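Student:
In this note's numbering, the protein residues as written are 8 to 536.
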């Protein structure tokens, strides 16, 4: 019965292919193989150089932070797989083949193989990162193979666990527990409690390495086998929901309209939720319009706690050996992302300016009121992140606020900041207005303009429309936070000039943005993302 059902699925797919696009010719296969060979030839030498550069012992002081970043990356991979489905089908298959009497496992076989490929690629990246953290003091080939096998086993096993969670509630609890364990591992590793264990693992002999790798591979294979058996038990409603959501995401990606992804995420969260009604406090009209963002944030306390916890990531990155430029990008980029979490009201005003005009509130006053919450979030997050950097030694030289007083503050890169975290935390509230302006500019930007010119380069054509769309918002935030960025990159001894410049520039940027604002932002009337 299973063999005939599998043949039926293949027959149906062959029929659809024969009525669909033109089948691949010999020339198409030749071009694909040639491109793959060229990719291997181009990337082979750089990859070999990177692996050869890892043939050194790992630094014990940075192992904990590196393992913490890898654990957080794997936890994010599991969370993304859980939110995506992970098993999903194209729209036609979800509405036709999924509801047919064909064997469910064979119908979902192609999607399962695609998930396996994605997990293998993620596992290779994880394995290379593990090798970079632990190093390879001897037997480079075997340690490279061991790290790759462990990384692939972890990623494939995690993906299989996500598939099992889609089919069973009990397995979903196991997936949640695995994600929580990875987060706990990251916290323990970054505190230095695993330094001895990591040093032993980095210099483990070949028999112990073989046993550990074999155990990881066996556990991963068992999970994959169990996940393959559970494909036929995945509820149809779950598959249809995940497939529909993936179709919307794919449509937004194919049309190069990333702004639609925000609406998809919000609609998926608030759909079918019952919300308690509360009386709003008496507020002036502009703040009454902005109060919905505050209520929305208060309804998602879990997200607020998660965002607060991410303020420690720049300090972890600094402990792992991140450069000052990378630390500056992490702080400012993270602050801008945090500020953008509370701009849905401004985005809706830009999508529907007619409805915003019916409120009878000046667009400038409404935008100024909506800038308060993003500014508070960005300022608090930046202050926490910079305080963590100061106490963790990531900003070792900027310890004073008085010009010329370079003796106070941090003693060395591993020291503890004196005073108020070396006064670095003051950049948080001072940069908040500029970050709020950048987040609001991101929320009010128009869809991607595909009529913009295309730049021809030796590597291919680059459309400028998506580039300008991506730069709208971060450009204003970077301009307004330029003193903070320069201070993070140069690590000055006296912070007073940079603090004064940051406060003045942030106020000017936000005031100019609000003054130049108009209803609908830069959108075409009637056009929405």
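Note that the Cβ used here is the ideal one computed from N, Cα and C, for glycine as well. Model, not experiment: these values are computed from the prediction.
Starting from residue 198, follow the alpha helix (DSSP H) in both directions and report where the run begins and ends.
Tutor: Where residue 198 is concerned, there is no enclosing alpha helix (DSSP H), given that its DSSP letter is neither H nor E.
Student: Buried or exposed: which applies to residue 41, given that a residue is buried once 16 or more other Cβ atoms fall within 10 Å of its Cβ?
Tutor: Exposed, by the Cβ-count rule.
Student: Confirm, please, whether the CB-CB distance from residue 168 to residue 150 is below 8 Å.
Tutor: No, they are not a contact pair.
Student: Give me the DSSP bridge partner(s) of residue 468.
Tutor: BP columns for residue 468 point to 463.
Student: Going by beta-carbon coordinates alone, are residue 397 and residue 512 separated by less than 8 Å?
Tutor: Not a contact, by the Cβ cut-off of 8 Å.
Student: Who pairs with residue 211 in a beta bridge, going by DSSP?
Tutor: BP columns for residue 211 are empty, so no partner.
Student: Do residue 303 and residue 351 have their beta-carbon atoms positioned less than 8 Å apart in this structure?
Tutor: In contact: residue 351 and residue 303 (Cβ atoms closer than 8 Å).
Student: Just checking residue 521 against the ligand SAM - is the residue's beta carbon closer than 7 Å to any of the ligand's heavy atoms?
Tutor: For the structure depicted, the ligand SAM is absent and the ligand set is empty, with no information on it obtainable.
Student: Could you have a look at residue 154 and say whether DSSP puts it in helix, strand or coil?
Tutor: Residue 154: helix per DSSP, three-state reduction.
Student: Return the CA-CA distance between residue 190 and residue 308, expressed in angstroms with no decimal places.
Tutor: If I take the Cα positions, the gap works out to 18 Å.
Student: Please report the distance separating the alpha-carbon of residue 185 from that of residue 155.
Tutor: Their backbone Cα atoms lie some 21 Å apart in a straight line.
Student: Compute the Euclidean distance between the alpha carbons of residue 212 and residue 100, then round it to the nearest angstrom.
Tutor: Approximately 50 Å, taken between the alpha carbons.
Student: Can you check which of these residues, 251, 453, 82, 98, is closest to residue 183 by C-alpha distance?
Tutor: Comparing Cα positions, the closest option is 82.
Student: Buried or exposed: which applies to residue 463, given that a residue is buried once 16 or more other Cβ atoms fall within 10 Å of its Cβ?
Tutor: Burial call: exposed.
Student: Hey, residue 172 and residue 133 are a contact pair by Cβ (cut 8 Å); roughly how many whole angstroms apart?
Tutor: In fact, because the Cβ distance is near 20 Å, the residues do not count as touching under 8 Å.
Student: Between which two residues does the alpha helix (DSSP H) holding residue 55 run?
Tutor: Unbroken alpha helix (DSSP H) run through residue 55: 33–60.
Student: Using alpha carbons as the reference points, say which of 483, 435, 394, 69 lies closest to residue 384.
Tutor: Ranking the options by Cα distance to residue 384, first place goes to 435.
Student: In chain order, what are the residue ranges of uninterrupted alpha helix (DSSP H) at least 4 long that sit wholly in the region 337–375?
Tutor: As far as the region 337–375 is concerned, its whole alpha helix (DSSP H) runs of at least 4 residues are 351–358, 360–365.
Student: Measure the CB-CB distance between residue 366 and residue 447 and report whether it falls below 8 Å.
Tutor: Going by C-beta atoms, residue 366 is not nearer than 8 Å to residue 447.
Student: Take the Cβ of residue 358 as the centre, count every other Cβ of all protein chains shown within 10 Å, and call the residue buried at 16 or more, exposed below.
Tutor: Residue 358 is buried by the Cβ-count criterion.
Student: According to DSSP, simplified to helix, strand and coil, what is residue 65?
Tutor: Coil, per DSSP.
Student: Do you know whose CA, among 202, 490, 237, lies nearest residue 72's CA?
Tutor: Measuring from the Cα of residue 72, the nearest candidate turns out to be 202.
Student: When the cut-off is 8 Å and only beta carbons count, does residue 367 lie next to chain D?
Tutor: Going by chain labels, chain D is absent from the structure shown, which holds only one protein chain.
Student: For residue 469, is the classification buried or exposed, using 16 other Cβ atoms within 10 angstroms of its Cβ as the cut-off for buried?
Tutor: Label assigned to residue 469: exposed.
Student: Report all residues from its chain with a CB closer than 8 Å to the CB of residue 226; omit the five preceding and five following residues, and keep chain order.
Tutor: Taken in chain order, the residues that qualify are 160, 164.
Student: Using the C-alpha atoms, what's the distance from residue 215 back to residue 423?
Tutor: Caution applies to residue 423, whose pLDDT of 32 falls short of 50 and renders its modelled position unreliable; the model cannot decide the point.
Student: Residue range of the alpha helix (DSSP H) that residue 522 falls in?
Tutor: Residues 503–523.
Student: Please report the residue range of the alpha helix (DSSP H) in which residue 442 lies.
Tutor: Run containing residue 442: 434–450, per the alpha helix (DSSP H) assignment.
Student: Got a sec? Which residues, its chain only, sit under 8 Å from residue 130 by beta carbon, not counting five neighbours each side?
Tutor: Excluding residues within five positions, the ones whose Cβ falls inside 8 Å are 155, 158, 159, 160, 161, 162, 163.
Student: Which same chain residues, not among the five before or five after residue 521, have their C-beta less than 6 Å away from its C-beta?
Tutor: Correct list, in chain order: 371, 374, 375.
Student: Name the residue from 223, 287, 474, 510 whose alpha carbon lies nearest to the alpha carbon of residue 488.
Tutor: Nearest of 223, 287, 474, 510 to residue 488, Cα basis: 510.
Student: What is the DSSP secondary structure of residue 329, counted as helix, strand or coil?
Tutor: Three-state DSSP puts residue 329 in coil, outside helix and strand.
Student: Whether or not the region 494–501 and the region 443–457 are in contact is what I'm after, with contact meaning three or more pairs of Cβ atoms, one per stretch, closer than 8 Å; do they touch?
Tutor: Because the criterion of three Cβ pairs below 8 Å is not met, the region 443–457 and the region 494–501 do not touch.
Student: Where residue 516 and residue 479 are concerned, what is the direct C-alpha to C-alpha distance, given to the nearest angstrom?
Tutor: If I take the Cα positions, the gap works out to 14 Å.
Student: Under the rule that 16 or more other beta-carbon atoms within 10 Å means buried, what is residue 45, buried or exposed?
Tutor: By the 10 Å Cβ count, residue 45 comes out exposed.
Student: Which stretch, first to last residue, makes up the alpha helix (DSSP H) that contains residue 305?
Tutor: Here the alpha helix (DSSP H) through residue 305 covers 292–305.
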